[in-house]
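Enquirer: Residue numbers (the working numbering): 6 to 124. The C-beta atom is built at its ideal place from N, Cα and C for all residues, glycine as well.
1. Using only the alpha-carbon positions, how far apart do residue 82 and residue 112 sit?
2. When we look at the beta-carbon of residue 70 and count the other beta-carbons within 10 Å, is it buried (16 or more) or exposed?
3. Look at the alpha carbon of residue 6 and the alpha carbon of residue 68, and state the distance between them as a whole number of angstroms.
4. Could you give the residue range of the alpha helix (DSSP H) that holds residue 79?
5. State yes or no: is the C-beta of residue 41 within less than 8 angstroms of the C-beta of residue 93?
6. Residues in the same chain with beta-carbon distance under 6 angstroms from residue 97, minus the five sequence neighbours each way, listed in chain order, please.
7. Along the alpha helix (DSSP H) that carries residue 66, what are the first and last residues, could you check?
8. Provide the residue span of the alpha helix (DSSP H) that contains residue 114, from first to last.
9. Which of the three DSSP states is assigned to residue 57 in this structure?
10. My assumption, with CB atoms under 8 angstroms, is that residue 84 sits in contact with residue 39. Please give the rounded CB distance.
11. How many Å lie between residue 79 and residue 99 at the Cα?
12. Assign residue 47 to one of three DSSP states: helix, strand, or coil.
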């Protein structure tokens with residue numbers, strides 16, 4: 006049974022994050038993909054171990070939060086811990102150029118802007 010973070014006591018969330026309410030990597034947003042680099046180690050915090058098991062393949066931060074039943078803010082703090090120790094890697098998904106606008110890549114748009122500026 007998945008528990009909602011609304012069912013969590015503030016004390017438990019405080020313990021899970023080690024009392025931190027800030028300090029999460031600002032680059033981690035809801036769609037950042039996280040991949041485990043290692044298996045859980047004995048004695049590891051249970052939430053960290055659960056994240057490593059869950060992220061065997063790329064998993065979005067919001068999906069991790071949903072599976073763990075924790076607020077995204079708490080999961081971001083936990084993920085930052087794991088990133089800092091090299092247990093997981095994170096990257097923002099790269100969107101493919103739209104077929105309707107194949108020339109709308111940032112590089113092409115920058116070249117157009119420079120060309121216009123030079124006119």
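Expert: Short version:
1. 33 angstroms
2. Buried.
3. Interpretation of residue 6 is limited by its pLDDT of 40, a score under 50 that renders its predicted location unreliable; the figure taken from the coordinates is listed afterwards. One C-alpha to the other measures close to 16 angstroms.
4. 77-89
5. yes
6. So the list reads 37, once near-sequence residues are dropped.
7. 66-73
8. 111-123
9. helix
10. 6 angstroms
11. 25 angstroms
12. Residue 47 falls in the coil class under three-state DSSP.
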